[in-house]
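Here's the structure we're looking at; comments come further down.
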Amino acid sequence: MASLWFERAWIDNRWEKGVRLGIAGGRIASVQTGVAADSDDEQHRAGLPGLCNVHSHGFQRGMAGLSERRSRPDDNFWSWREIMYRFLDRLTPDDVAAITAQAYAEMLETGFTRVGEFHYLHHDASGAPYADVAEMAGAIARASAATGVGLTLLPVFYAHGNFDAAPPSAGQRRFLNDIDGFATLLDASRSKLAGDANIGIAPHSLRAVAPCELGALLEMSPTGPVHIHAAEQAKEVADCVAWSGARPVEWLLDTAGVDERWCLIHSTHLDEREVPGLAASGAVAGLCPITEANLGDGIFPAVDYLAGGGRFGVGTDSNILIDAAGELRALEYSQRLAHRARALLANDESPFVGANLFARAVAGGAQALGVPAGIAAGHAADIVTLDLDHPAFAGADDATLLDRWLFAARSGAIDSVWRAGVKRVEKGRHVAADAITAAYRACLDRLLA
Ligand code: ZN
Numbered sequence: 180m181a182s183l184w185f186e187r188a189w190i191d192n193r194w195e196k197g198v199r200l201g202i203a204g205g206r207i208a209s210v211q212t213g214v215a216a217d218s219d220d221e222q223h224r225a226g227l228p229g230l231c232n233v234h235s236h237g238f239q240r241g242m243a244g245l246s247e248r249r250s251r252p253d254d255n256f257w258s259w260r261e262i263m264y265r266f267l268d269r270l271t272p273d274d275v276a277a278i279t280a281q282a283y284a285e286m287l288e289t290g291f292t293r294v295g296e297f298h299y300l301h302h303d304a305s306g307a308p309y310a311d312v313a314e315m316a317g318a319i320a321r322a323s324a325a326t327g328v329g330l331t332l333l334p335v336f337y338a339h340g341n342f343d344a345a346p347p348s349a350g351q352r353r354f355l356n357d358i359d360g361f362a363t364l365l366d367a368s369r370s371k372l373a374g375d376a377n378i379g380i381a382p383h384s385l386r387a388v389a390p391c392e393l394g395a396l397l398e399m400s401p402t403g404p405v406h407i408h409a410a411e412q413a414k415e416v417a418d419c420v421a422w423s424g425a426r427p428v429e430w431l432l433d434t435a436g437v438d439e440r441w442c443l444i445h446s447t448h449l450d451e452r453e454v455p456g457l458a459a460s461g462a463v464a465g466l467c468p469i470t471e472a473n474l475g476d477g478i479f480p481a482v483d484y485l486a487g488g489g490r491f492g493v494g495t496d497s498n499i500l501i502d503a504a505g506e507l508r509a510l511e512y513s514q515r516l517a518h519r520a521r522a523l524l525a526n527d528e529s530p531f532v533g534a535n536l537f538a539r540a541v542a543g544g545a546q547a548l549g550v551p552a553g554i555a556a557g558h559a560a561d562i563v564t565l566d567l568d569h570p571a572f573a574g575a576d577d578a579t580l581l582d583r584w585l586f587a588a589r590s591g592a593i594d595s596v597w598r599a600g601v602k603r604v605e606k607g608r609h610v611a612a613d614a615i616t617a618a619y620r621a622c623l624d625r626l627l628a
């Protein structure tokens, strides 16, 4: 059994001193606190649980930076989506594996140890299913295996182009299934999973899924995570009201049985009844603040939602910039800009913003991906260490360590990352970064030539 020893480690939302973790079979076998290091312990100064990334479209990493050119006066989410559809048009399974592996390596380097892959690119370039219908799920599983990141696969059901079962567009042909086809895909996807990978379902959005189909999906997958995009865009909210008389999150809360299994991705546009309603449901809001800023989506009402006990996790979504600390920083900064005040996502019991956000994101992220949260015996050995020699930590006491990481560290604050007990990041770099990035570069050079 391997053993790690930390001067301090973040356990049950506080720093414990003198922590030794026994690791066996990819899991934490034992936790001791208040102990001195043994000579054969690998020693580090500050250990954290890895974060769950609740929302990723891995292939979109390959188009990061390609949609920042102004092409028309009303550039917005919908014009970005057209660029995204053109990018994914030609991707092969090997392309998806190479691009996604780069994204997953970057996730590990920033402190994400498990990813919820919201996977909708199912079919070949013509829109026909591959001979193996889960070929693309297999590409994602390969990226997970190549990098070591934990995988929660969320196969997406996508059938319509807009509310009221509008026909899909040509750009959506690679996403489409009927209910029977999706059942086959879900079964085939299960066979791609290895290690402690798990699977949920992702009805794409109320735009793409009719109510009767949503019911069939929930019957098909009675346990495990349920993820859905909801209320990302003001137009989507208006279209939903025109269709049903209700807003998207309102409709889901009233109709779909939203509970702890659910993760409502974005939930950006909530009214004063939806905020407490979503908080009381026990579901997780899947916030992607960097992508939401990049796409001009809007600002999630985090101050009221957290004050009401709402749960959240963070996701990197479009993977325009992969940075666990950056997502939490962007979340707090969005609130500061909106409210013209500081230190908003904290409270009297947990007054340090960094510690409060990190603790909540660890718990909410794990819930959303259907795994236990934090450092404890029996949990996966998903551990991140901070490099306390980084200048951002100079003179730090324990109380401000997480604030310094989230708000002040730029890059280089993370030293090592273990995922399922295997050290995947050393000195801030993925141990297979050279090969992963070479394959990624070759793929993009070919795609963008
Ligand atoms: Zn998304």
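For my numbering, count along the sequence shown from 1 and bump the result up by 179. For glycine and all other residues, C-beta sits at the position ideal for the given N, C-alpha and C.
Is it buried or exposed for residue i, if we count other Cβ within 10 angstroms and need 16 for buried?
i    : result
V601 : exposed
Q222 : exposed
M315 : buried
M180 : exposed
A459 : exposed
Q211 : exposed
P228 : buried
P401 : exposed
H518 : exposed
R603 : buried
R321 : buried
L365 : buried
S305 : exposed
G544 : buried
G379 : buried
Going by the C-beta, is residue i closer than 7 angstroms to any heavy atom of the ligand ZN?
i    : result
D476 : no
I444 : yes
H234 : yes
A433 : Reading the sequence as shown, one finds Asp at residue 433 and not Ala. Answer for D433: no, Cβ out of range of the ligand ZN.
D496 : yes
F291 : no
H406 : no
F297 : yes
Nearest to residue i by alpha carbon, out of the options?
i    : options                : result
L396 : T447, L333, R224       : L333
A556 : S595, G494, G201       : G201
C391 : D343, F491, R598, D273 : D343
R224 : H339, W189, G241       : W189
K156 : R490, R248, H569       : Residue coverage of the chain in this structure runs from 180 to 628, which leaves residue 156 outside it and unanswerable.
E285 : A628, A612, L626, C622 : A612
S370 : H339, I207, A587, I319 : I319
G488 : G477, A542, C467, Q514 : A542
R426 : G204, R386, L393, I207 : R386
F354 : T289, H236, W257, A413 : H236
L632 : L230, D219, E453       : Absent from the model: residue 632. The displayed extent of the chain is 180 to 628, so no value can be given.
A307 : A349, C442, A280, E296 : A349
F291 : N473, L330, L183, F256 : L330
L585 : A621, G533, D219       : G533
S595 : T289, D253, V275, E247 : T289
W597 : P480, A559, G591, A614 : A559
T647 : G213, H234, R193, D191 : With the chain represented from 180 up to 628, any question about residue 647 goes unanswered, as that position is not in the structure.
S368 : I407, G317, S218       : G317
L581 : L500, A525, F479       : A525
F361 : W430, I407, G403, A313 : A313
N498 : W422, P468, A520, R490 : P468
Which class does residue i belong to by DSSP, given the choice of helix, strand or coil?
i    : result
P401 : coil
N535 : helix
D232 : Residue 232 is actually Asn in this sequence, not Asp. The answer is strand: DSSP assigns N232 an E or B state.
G379 : coil
T326 : helix
T292 : strand
I358 : helix
R249 : coil
I319 : helix
I554 : coil
S513 : helix
A225 : strand
P334 : strand
K699 : Because the chain is modelled from 180 through 628, residue 699 falls outside the range shown and cannot be assessed.
H408 : strand
S384 : coil
S368 : helix
Please give the ranges of any alpha helix (DSSP H) in the region 418 to 504, keeping only runs that are unbroken, at least 4 residues long and fully inside the region. For the region 418 to 504, the continuous alpha helix (DSSP H) assignments of 4+ residues that do not extend past its boundaries occur at 427 to 434, 453 to 460, 468 to 473, 481 to 486, in sequence order.
Which complete alpha helix (DSSP H) runs does the region 564 to 595 hold, if anything under 4 residues is left out? Within the region 564 to 595, the alpha helix (DSSP H) runs of at least 4 residues that lie entirely inside it are, in chain order, 580 to 587.
Report the start-end ranges of each alpha helix (DSSP H) in the region 247 to 285 that is 4 residues or longer and not cut off at the edges. Taken in chain order, the unbroken stretches of alpha helix (DSSP H) that lie wholly in the region 247 to 285 and span 4 residues or more are 256 to 267.
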